[in-house]
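What follows is a set of notes on a single structure, which appears directly below.
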Amino acid sequence: MAVLPSLLLFALLLASARADTCGSQQYDPSQYVCYYNQFLCPFVNGEGLSYCNGACYSQYMYQCTDNNTLALLPAVNCPFTMTISNPQAPSINGLVVNACGGGFSAGELSETCTYCPTQVAPYCPSGNETVLYSSGSMASEVPGGQQWYVDPSGALAFTAPHSAFIPSGSQIGGFAAYQNGGLVNLGSPFGFYACPHVSQSVVVYWDIFQQIAGVTVSSSCVGVNILVHPVEDAEYAWEYT
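Heads up: the sequence shown is residues -19 to -1, 1 to 222, going by mature numbering (1 follows the signal peptide of the UniProt record, and there is no 0).
So this is what it looks like as structure tokens:
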């Protein structure tokens, strides 16, 4: 009969060991950050939000100015590469995002897939990097260009060469990229997911999805931010495939 009280006591002690105090509030330091021993800001996608004059904010979209007001980071208007960020998931933190097969992924076996026709081979870019513009274009030379978008499932995707087809219900545009910051969906600013792509019980790479209210993904997906890294204004592939 003494087993249940003992288990309850153990659970309480365990919870207490994980809790810190912020002012008069107890909190889990793996879930919140305490500022000035008074204000709590949550972790989002593995990173604690920053604090500015009563507001919690993402350092990948905003900055706290000298007079303690929030301001947007300067926009990135040049092309950029991308990496994913979640310090609480070290196995995927910092992985490069690649375009291949109509979608985007990251991981050791993820790669950028491009093609260069033989007749223009002397003029083709190297094609070994995935480069985007925040306006929605891929940095490719193929006539007609290529667009990236979010499909109805939330997957980050791009159009095939010589085709403007985008599934009905997709989100086209509505993104912004910020200097020393991230790629942000202005209509759904919750970040992204990295979802494991499994082959023969092994994760071979991580597919990139937008976090969208009302769209459910696998419990094995990990919330991430996408960081942008500006590059020279140029085309980086003949076409992405």
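The C-beta atom is built at its ideal place from N, Cα and C for all residues, glycine as well.
Determine the closest residue to V212 out of N58, D188, A175, with distance taken between C-alpha atoms. Here residue 212 refers to the residue found at position 231 when the sequence shown is read from its first residue. Closest by alpha carbon: N58.
Span of the beta strand (DSSP E), counted from its first residue to its last, around I65: Position 84 of the sequence shown, counting from 1, holds the residue named residue 65. 61 to 66 is the span of the beta strand (DSSP E), which, as asked, contains I65.
Going along the chain, which residues of its own chain have a beta-carbon closer than 8 Å to the beta-carbon of G117, five neighbours each way excluded? Taking the first residue of the sequence shown as 1, we reach residue 117 at position 136. Here the set comprises Q128, W129, Y130, I153, G154, F156.
Around the C-beta of Y104, are 16 or more other C-beta atoms found within 10 angstroms, so that it is buried, or is it exposed? Walking along the sequence shown from the start, residue 104 turns up at place 123. Flag for Y104 reads exposed.
Length at least 3, wholly inside the segment 109 to 178: the beta strand (DSSP E) runs in chain order: Listed in chain order, the complete beta strand (DSSP E) runs (minimum 3 residues) inside the segment 109 to 178 are 129 to 131, 137 to 139, 156 to 158, 164 to 166.
Along the beta strand (DSSP E) that carries G83, what are the first and last residues, could you check? Start at 1 with the first residue of the sequence shown, and residue 83 comes out as number 102. Segment: none, G83 is in no beta strand (DSSP E) and carries neither H nor E.
In whole angstroms, what is the alpha-carbon distance linking G75 and T64? Residue numbering aside, residue 75 sits at position 94 when the sequence shown is read from its first letter. Residue numbering aside, residue 64 sits at position 83 when the sequence shown is read from its first letter. Looking at the two C-alpha atoms, the distance is approximately 5 Å.
Could you give the DSSP three-state label for P23: helix, strand or coil? As a first step, residue 23 is located in the sequence shown; it is residue number 42 there, counting from the start. Correct three-state label for P23: strand.
Is it right to say Q192 is buried, meaning 16 or more other beta carbons lie within 10 angstroms of its own, or is it exposed? The residue you call residue 192 lines up with position 211 of the sequence shown. Burial call: buried.
According to DSSP, is L(-8) helix, strand or coil? As a position in the sequence shown, residue -8 is number 12, starting the count at 1. At L(-8), the pLDDT of 48 sits below 50, so the modelled position is not reliable; the number obtained from the coordinates is stated separately. Helix at L(-8).
When you compare only the Cα positions, how much space is there between D214 and D47? Counted from its first residue, the sequence shown places residue 214 at position 233. Counted from its first residue, the sequence shown places residue 47 at position 66. Each residue's alpha carbon lies about 32 Å from the other.
Can you give me the start and stop residues for the beta strand (DSSP E) that N206 sits inside? In the sequence shown, the residue the question calls residue 206 occupies position 225. Unbroken beta strand (DSSP E) run through N206: 203 to 211.
Cβ pair count under 8 Å reaching 3, the segment 79 to 93 against the segment 175 to 190: Yes, they touch.
In the structure shown, what three-state DSSP assignment does T93 receive? Sequence index remark: in the sequence shown, residue 93 carries index 112 (1-based). Residue state, collapsed to three classes: coil.
To the nearest angstrom, how far is the alpha carbon of S169 from that of V198? Counted from its first residue, the sequence shown places residue 169 at position 188. Counted from its first residue, the sequence shown places residue 198 at position 217. Going by the C-alpha atoms only, they are around 15 Å apart.
Sequence-distant residues of the same chain with beta carbon closer than 7 Å to residue 283, five excluded per side: Past the edges of the chain, shown from -19 to 222, lies residue 283, and the structure says nothing about it.
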